[in-house]
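Input: a single structure, listed below in structure tokens.
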Amino acid sequence: MAFDDYNGSTHIFQAFHAEEYEVGDNFSAAHEVAGFHRALVILDAGHVGVGGTIDTKLQESDDAGVTDAWADIPGAVFAQVDASNEAQAFAGCLNLNKRKRYLRIVMTLAVRDSDVGVIMVLQPKDSRLSTTMSFSV
Amino acid sequence: MDLSNIAVTKGHAPASYNIGVYYSASLDLAQHLSVAMVLNCGVAQATATVALELQESDDDSTFTDISGNDTLIAGSEAGGTDEALYFGSQVRGVTKRYVRIKATVSNARVEFSSSLISIPKDSRNRVTPVFSR
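Chains as they are written, first to last, in this note's numbering: chain A, 2 to 138; chain B, -19 to 113.
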């Protein structure tokens, strides 16, 4: 794999910006993945606190939920984050070739508000979909 | 690029950071080909800035800046509300064994997290994904 693989061949989608989220279901914006091969989903967990839990999963839809309801992607689920495994980064990988056109991430917090952030690194079929790097040295 | 063969390392855990300098844990690049840094920025107050840069070291003790890789996120860019920024960056100019992220928060609080994404020379060094579908 060449060094240049990051620059010009990755697209970054900020699903949940890093901050404290409230107890309940939190939904990311829908992201069209028709032009991408694969997604690496990175869950950055911060402080969760005693009793708090974070459950995170991916959903898909043909039309971002307009007529095709969002449905869970089998197996695309992060292990639950709680006080025993807080302040870590977790990663999941998804082959998009068999998936529907839109993805979103659902993050469910229970008991306590918690700090968390989620991004997706996507591999585009066309380099014009790549994210411009802030720098490349 | 095979995204299933990538290592992900926590940089800064998501939190609200007050004015100050914050270092991530270091990453040993001996078994990696290259590294990229990703910043996930949350709420930044209007006057706040956060400067992110990669540093390198031979001994995992004394770190120096890697020229040309610093970037500055200003609160005005983040809107001072719930808007946020992100960026990806690549370093192929790393000459030393260890790297870490230095974050300098100025003027006011900023919420952010950071991660290091690297390509391992040996796939046995990759982070096993929580799921791979």
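Note that CB positions come from ideal geometry on N, CA and C, so glycine has one too.
Is the Cβ-Cβ distance between residue i and residue j less than 7 Å?
i: B:S98; j: B:L19; result: no
i: B:E15; j: B:V79; result: Just to set this straight, residue 15 of chain B is Val in the shown sequence, not Glu. In this structure, B:V79 lies closer than 7 Å to B:V15 by Cβ.
i: A:L95; j: A:A77; result: yes
Among residues of its own chain, excluding the 5 on either side of residue i, which ones have a beta-carbon nearer than 6 Å to its beta-carbon?
i: B:T84; result: V1, A31
i: B:K76; result: E36, S37, D38
Is residue i close to chain A? Criterion is C-beta to C-beta, closer than 7 Å.
i: B:F92; result: yes
i: B:V(-12); result: yes
i: B:S37; result: no
i: B:S95; result: yes
i: B:P(-6); result: yes
i: B:N20; result: yes
i: B:V23; result: yes
i: B:N(-2); result: no
So, is the C-beta of residue i closer than 7 Å to a C-beta in chain B?
i: A:E23; result: no
i: A:D45; result: yes
i: A:D56; result: no
i: A:V51; result: no
i: A:A65; result: no
i: A:D116; result: yes
i: A:H18; result: yes
i: A:A1; result: As displayed, chain A neither begins before 2 nor continues past 138, which places residue 1 of chain A out of reach and without an answer.
i: A:Q81; result: no
i: A:A92; result: yes
i: A:F4; result: Reliability of the predicted coordinates at A:F4 is poor, the pLDDT of 39 falling under 50, and the value obtained from them is presented with this limitation in mind. Cβ-Cβ to chain B under 7 Å: yes for A:F4.
i: A:A139; result: As shown, chain A starts at 2 and ends at 138. That puts residue 139 of chain A outside it, with no answer to give.
i: A:I1; result: Because residue 1 of chain A is not part of the residues shown, which for chain A are 2 to 138, the question remains open.
Let's test the definition: count the other Cβ atoms within 10 Å of the Cβ of residue i and tell me whether it reaches 16, buried, or not, exposed.
i: B:S6; result: buried
i: B:D8; result: exposed
i: B:A26; result: exposed
i: A:Y103; result: buried
i: B:S47; result: exposed
i: A:K99; result: exposed
Within a Cβ cutoff of 7 Å, which residues of the same chain sit near residue i, ignoring the five residues on either side of it in sequence?
i: A:D73; result: K58, Q60
i: A:H18; result: G118
Whose C-beta lies closer than 8 Å to the C-beta of residue i among residues of the same chain, with five residues either side of it excluded?
i: A:E23; result: L110, D114
i: A:A84; result: V49, G50, V51, G52, G53
i: A:A30; result: A16, R105
i: B:S86; result: I(-1), A28, T29, V30, A31
i: B:A(-7); result: S93
What whole-angstrom Cβ distance do residue i and residue j have, given they're in contact under 8 Å?
i: B:H12; j: B:K82; result: Not really, about 19 Å apart at Cβ, beyond 8 Å.
i: A:I91; j: A:A46; result: Residue 91 of chain A is actually Phe in this sequence, not Ile. Contact holds; Cβ gap of about 7 Å.
i: A:F14; j: A:I120; result: 7 Å
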